[in-house]
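As numbered in our numbering, residues 159 to 565 make up the sequence shown, in order.
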Amino acid sequence: MSFIADFHIHSKYSRATSLNMDLEHLARSAREKGISLVGTGDFTHPVWFQELKKKLQPVADGIYAYQGLRFILTAEVCNIFPSCNSIKRIHNVIFLPDLEAAERLSLKLAAYGSLGSDGRPMLQLSADDLIGRVKDVAEFGFVVPAHIWTPHFSLFGSNSGFNRIEDCFPKRLSEVFALETGLSSDPAMNWRLSGLDAYSLISNSDAHSPAKIGREVNVFSEALNYREIFDVLKTKDKKRFLYTVEYFPEEGKYHYDGHRACKSSIPPEKAIANKNLCPVCGRKVTVGVLHRVLELADRPEGAVPENSIPFQRMVPLDQIIAFVLKRPVDSPVVKEKYQKLVRNLAPEFEILLSLPESEIESKAEPEIAAAIISVRRGRVKVEPGYDGEFGKVEIMPESAVKQPTLF
């Protein structure tokens, strides 16, 4: 049975997160979705860390559990530092093998920022030096650059990022072996950069509410302990790292260029032709993920490098239900039908990816069953997201797909 992991989430102690981002709600949501392991998120926050210490029980090397859900210690931080003649703001996700190492690291990081002010603290510390502090407390601790294309706060972001990964990690690049693609890009977009071939590309939800965990996940062949996760990611082990499950990247809120205040959504070629200015107000647009990929790519679209980890695209089940019912995704009727499906049919990922279509059709409402099957077959149109506005998904009925003719 496959082992599904979502390494990057946040607790209720991060800004703009749900008060339900606690262990109890995470465990419940993970059961409904069929997720095996979740990152703790935010272990640098002192109050959240005390809750983790109190409730998590060790079950394997570097792996903890609560109410049947496995956890790995993770935390996202914002590194702020001067480099390449500007101030860089880069989000990184830290992985550690045990609570003791996490506690020691927090003592060190407290010298660089206020850990209690936000679950994702801002640190006056370079990305290189962050790796150094992590290695000081744990030989097998590691750092993964987060959502590497997002305009704000990312490795390649248009606002404060780099053009080359080696400029972000001039001294410790050899200790970076995985990158998080983020919701607005997928592995295929990253494959266009030959300089990323050596890295494991991981996909996570960056969830701020329990319903959003598993928006993107990593699928492994079997249950893994901490050291095995370290080794699989470092060696890009395709036998154990099977694939990632992805948002349609157009659905991400920074896929296209644009200016949300003017409702201007702009494909990169048009933004470039207009000198990256909003056609409505003339101000500079937020340069999105697709634009940055095109700027840095050295391969054509469709290139697939050797040893790349496959991926599958999907639309979350609650979004499929909401589309069919034409109701908000958080409306009571959508939640009710979601609960009925995962209770009577299977966990969400099994419904979306592997359950026989005949079983879905026999137990789900006809329109919902048809929509699930349409998504599986790629019958989806997405109006791209831009400047913080999520893209809009439209699921196409089978009749809308042009059928091949015999003559």
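Glycine is no exception: its CB is placed at the ideal position from the N, C-alpha and C atoms. In this text the structure is predicted, and so the values were computed from the model without any measurement.
Whole-angstrom C-beta distance between tryptophan 307 and valine 451, which should lie under 8 Å: On the sequence shown, position 293 is the one that residue 451 refers to. On the sequence shown, position 149 is the one that residue 307 refers to. The C-beta distance from valine 451 to tryptophan 307 rounds to 7 Å, short enough to fall under 8 Å.
Distance between proline 437 and valine 487 (C-alpha atoms, nearest Å): Indexing the sequence shown from 1 puts residue 487 at position 329. Indexing the sequence shown from 1 puts residue 437 at position 279. One C-alpha to the other measures close to 32 Å.
For asparagine 376, three-class secondary structure by DSSP: Counting from one through the sequence shown, the residue named residue 376 turns up at place 218. Here asparagine 376 sits in strand by DSSP.
Close-in-space but distant-in-sequence residues of the same chain around proline 328 (CB under 8 Å, 5 per side omitted): One-based indexing of the sequence shown puts residue 328 at position 170. Asp286.
Sequence-distant residues of the same chain with beta carbon closer than 7 Å to asparagine 237, five excluded per side: The sequence position of residue 237 within the sequence shown is 79, counting from 1. These residues qualify, in order along the chain: Ile248, Asn250, Leu281, Leu283, Ser284, Ala285, Leu288.
Leucine 452 (DSSP reduced to helix, strand or coil): Looking up residue 452 in the sequence shown gives position 294. Residue state, collapsed to three classes: helix.
Counted within 10 angstroms of its Cβ, other Cβ atoms place lysine 170 as buried (16 or more) or exposed: Within the sequence shown, numbered from 1, the residue matching residue 170 stands at position 12. Residue burial annotation: lysine 170 is buried, with at least 16 other C-beta atoms found within 10 angstroms of its C-beta.
The region 316-336 in contact with the region 455-469 per 3-pair CB rule at 8 Å: Touching, no, given that fewer than three Cβ pairs across the two stretches are closer than 8 Å.
Residue(s) in a DSSP beta bridge with lysine 442: For this step, residue 442 is matched to residue 284 along the sequence shown. Among the bridge pairs identified by DSSP, lysine 442 is matched with Leu435.
Beta-carbon spacing of valine 447, histidine 417 below 7 Å: Along the sequence shown, read from residue 1 onward, the residue named residue 447 stands at position 289. Along the sequence shown, read from residue 1 onward, the residue named residue 417 stands at position 259. No.
Straight-line gap, asparagine 178 to arginine 501 (C-alpha atoms, nearest Å): Start at 1 with the first residue of the sequence shown, and residue 178 comes out as number 20. Start at 1 with the first residue of the sequence shown, and residue 501 comes out as number 343. Whole-angstrom Cα-Cα distance: 21 Å.
N- and C-terminal bounds of the beta strand (DSSP E) containing asparagine 348: Numbered from its first residue, the sequence shown carries residue 348 at position 190. First-last for asparagine 348: 345-348, but that is the alpha helix (DSSP H), not the beta strand (DSSP E).
Close Cβ partners of isoleucine 323 (< 6 Å) along its chain, the five nearest in sequence each way excluded: Here residue 323 corresponds to residue number 165 of the sequence shown, with the count starting at 1. Excluding positions up to five away in sequence, the list is empty.
Where glutamine 477 falls, given that 16 or more other Cβ within 10 Å makes a residue buried: Taking the first residue of the sequence shown as 1, we reach residue 477 at position 319. With a threshold of 16 other beta carbon atoms within 10 Å, glutamine 477 meets it and is buried.
Rounded C-alpha distance that separates glutamate 209 from glycine 197: Mapped onto the sequence shown, residue 209 falls at position 51. Mapped onto the sequence shown, residue 197 falls at position 39. The alpha-carbon atoms of glutamate 209 and glycine 197 are separated by roughly 14 Å.
Those residues which DSSP pairs with threonine 232 across a bridge: Position 74 of the sequence shown, counting from 1, holds the residue named residue 232. Checking the DSSP bridge columns, you'll see threonine 232 partnered with Phe253.
Bridge partner(s) assigned by DSSP for glycine 416: Mapped onto the sequence shown, residue 416 falls at position 258. The secondary-structure analysis by DSSP pairs glycine 416 across a beta bridge with Ser423, Thr444.
Buried/exposed call for alanine 365, threshold 16 Cβ in 10 Å: Here residue 365 refers to the residue found at position 207 when the sequence shown is read from its first residue. Buried.
Spatial neighbours of cysteine 420 in its chain, beta-carbon cut-off 6 Å, leaving aside the 5 residues before and after: Against the sequence shown, residue 420 aligns to sequence position 262. Hits under 6 Å: Cys436, Val438, Cys439.
Three-state secondary structure (DSSP) of serine 352: On the sequence shown, position 194 is the one that residue 352 refers to. DSSP, read as helix, strand or coil, puts serine 352 in helix.
N-terminal and C-terminal residue of the beta strand (DSSP E) that aspartate 164 is part of: Position 6 of the sequence shown, counted from the start, is the residue given in the question as residue 164. Where aspartate 164 is concerned, the enclosing beta strand (DSSP E) stretches over 161-164.
Length of the line joining the Cα atoms of lysine 539 and isoleucine 553: Taking the first residue of the sequence shown as 1, we reach residue 539 at position 381. Taking the first residue of the sequence shown as 1, we reach residue 553 at position 395. Rounded to whole angstroms, the separation of the alpha carbons of isoleucine 553 and lysine 539 is 6 Å.
Alpha carbon of glutamate 409 to alpha carbon of phenylalanine 507, nearest angstrom: Walking along the sequence shown from the start, residue 409 turns up at place 251. Walking along the sequence shown from the start, residue 507 turns up at place 349. Straight across, the Cα-Cα distance linking glutamate 409 with phenylalanine 507 is about 19 Å.
Distance between serine 520 and histidine 166 (C-alpha atoms, nearest Å): Translated into positions along the sequence shown, residue 166 becomes position 8. Translated into positions along the sequence shown, residue 520 becomes position 362. Going by the C-alpha atoms only, they are around 35 Å apart.
Segments assigned alpha helix (DSSP H), at least 4 residues, entirely inside the region 512-562: Fully enclosed alpha helix (DSSP H) runs of 4 or longer: 515-521, 524-534.
Reduced DSSP secondary structure (H/G/I, E/B, other) of leucine 574: Lying outside 159 to 565, the shown extent of the chain, residue 574 is not represented and no answer is given.
Contact belief for alanine 233 with aspartate 180 at Cβ below 8 Å, rounded distance in angstroms: Position 75 of the sequence shown, counted from the start, is the residue given in the question as residue 233. Position 22 of the sequence shown, counted from the start, is the residue given in the question as residue 180. Beta-carbon to beta-carbon, alanine 233 and aspartate 180 are separated by about 16 Å, too far to satisfy the 8 Å threshold.
Run of the beta strand (DSSP E) containing glycine 197, from where it starts to where it stops: Residue mapping note: residue 197 aligns to position 39 of the sequence shown, counting from 1. 195-197 is the span of the beta strand (DSSP E), which, as asked, contains glycine 197.
Endpoints, beta strand (DSSP E) assigned at glutamate 112: It is not possible to answer for residue 112, since the shown part of the chain is limited to 159 through 565.
Pick from Ile371, Asp395, Gly536, Glu374 that is closest to leucine 382, judged by C-alpha positions: Position 224 of the sequence shown, counting from 1, holds the residue named residue 382. Per the Cα distances, Asp395.
Continuous beta strand (DSSP E) stretch holding phenylalanine 327: start and end: What you label residue 327 is simply residue 169 of the sequence shown in a count that begins at 1. Here phenylalanine 327 belongs to no beta strand (DSSP E), and DSSP marks it neither H nor E.
Cα-Cα separation, glycine 277 to proline 204: Position 119 of the sequence shown, counted from the start, is the residue given in the question as residue 277. Position 46 of the sequence shown, counted from the start, is the residue given in the question as residue 204. When rounded, the separation of the alpha-carbon atoms in glycine 277 and proline 204 is 9 Å.
Other residues of its chain near valine 301: CB distance less than 8 Å, five sequence neighbours each side excluded: Locating residue 301 in the sequence shown gives position 143, where the first residue counts as 1. If the five residues before and after valine 301 are omitted, its C-beta is found closer than 8 Å to the C-beta atoms of Asn250, Val251, Ile252, Phe253, Ala285, Leu288, Ile289, Val292, Glu333, Val334, all from its own chain and listed in chain order.
Cβ-Cβ distance between glycine 192 and proline 505 below 7 Å: Along the sequence shown, read from residue 1 onward, the residue named residue 192 stands at position 34. Along the sequence shown, read from residue 1 onward, the residue named residue 505 stands at position 347. Cβ atoms of glycine 192 and proline 505: closer than 7 Å.
Contact belief for alanine 429 with histidine 449 at Cβ below 8 Å, rounded distance in angstroms: Here the question's residue 429 lines up with position 271 in the sequence shown. Here the question's residue 449 lines up with position 291 in the sequence shown. With a beta-carbon spacing of about 6 Å, alanine 429 and histidine 449 fall inside the 8 Å limit used to define contacts.
Distance between arginine 534 and serine 264 (C-alpha atoms, nearest Å): Counting from one through the sequence shown, the residue named residue 264 turns up at place 106. Counting from one through the sequence shown, the residue named residue 534 turns up at place 376. Rounded to the nearest whole angstrom, the CA to CA distance from serine 264 to arginine 534 is 43 Å.
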